[in-house]
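K.L.:
Residue numbers (my numbering): 26 to 203.
1) Helix or strand or just coil, what does DSSP make of residue 156?
2) In three-state terms, what does DSSP make of residue 171?
3) If you drop the 5 nearest sequence neighbours on each side, which residues of the same chain put their C-beta closer than 6 Å to that of residue 115?
4) Determine the contact status of residue 67 and residue 182, defining contact as a CB-CB distance below 7 Å.
5) Quick check: the Cα distance between residue 165 and residue 148, rounded to an integer number of angstroms?
6) So, is residue 2 buried or exposed, given that buried needs 16 or more other C-beta atoms within 10 angstroms?
7) Between the C-alpha atoms of residue 104 and residue 95, what's the straight-line distance to the nearest angstrom?
8) Using the three-state DSSP reduction, which class does residue 80 fall into: helix, strand or coil?
9) Helix, strand or coil for residue 119, going by three-state DSSP, please let me know.
10) With 16 other CB atoms within 10 Å as the buried threshold, where does residue 136 fall?
11) Please say whether residue 121 and residue 146 have beta carbons closer to each other than 7 Å?
12) Mind checking residue 111: buried by the 16 CB within 10 Å criterion, or exposed?
13) Report all residues from its chain with a CB closer than 6 Å to the CB of residue 202; omit the five preceding and five following residues, and keep chain order.
14) Exposed or buried, what is residue 160 when buried is set at 16 or more other beta-carbons lying within 10 Å of its beta-carbon?
15) Rounded to a whole number of angstroms, what is the C-alpha to C-alpha distance between residue 153 and residue 190?
16) Look at the Cβ atom of residue 60, then the Cβ atom of residue 172, and state whether they are nearer than 7 Å.
17) Taking the beta carbon of residue 107 as the centre, do at least 16 other beta carbons fall within 10 Å, making it buried, or is it exposed?
18) Below 8 Å on the Cβ atoms is my contact criterion, and I expect residue 168 with residue 196 to pass it. Report the Cβ-Cβ distance as a whole number of Å.
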């Protein structure tokens, strides 16, 4: 039997090519299609506790539970009509500051949980009602039913429509880890 010898240059090029294939091709082997989602939710406070910090005027910590509904704004109708439960923690001075929390969407046997955080800004006019807006990011952390093993993230903007009600417009992408 005759053995074939390969030149060291050929072996080096072949090895480099295999490494490049693994480096450049491997992410595509494991990549999952992401589905674009988005919607608008409306929530009302269910429970709220505020604690005055008193180091400066208007500084407070808050813990709030809200409930509402989601309306899907994308073609796939992700969680359209879902019940929304939102838990938030805030560190605010006169309504402006950092907030974070968790939001749960539930529809039939399907549930998603996302962790979120944002900056809240409250403009207090000389006359009239304060205008509170917020903008932030969310990351899916868990799901059940068809959303078990959900992964993804997105952004949102929102505004208070009364002292205890707010709307949020959101969009993002998700996939289901296999």
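Using N, Cα and C, we set each Cβ at its ideal position, and we do this for glycine too.
Since this is a predicted model, take the numbers as computed values, not measurements.
P.N.:
The short version:
1) strand
2) helix
3) 87, 124
4) No, Cβ-Cβ distance for residue 67 and residue 182 is not below 7 Å.
5) 31 Å
6) Outside the displayed range of the chain (26 to 203) lies residue 2, so it cannot be described from this structure.
7) 7 Å
8) coil
9) Correct three-state label for residue 119: coil.
10) Label assigned to residue 136: buried.
11) yes
12) buried
13) 174, 176
14) exposed
15) 17 Å
16) no
17) buried
18) Not quite, the Cβ-Cβ distance comes to about 18 Å (not below 8 Å), so this is no contact.
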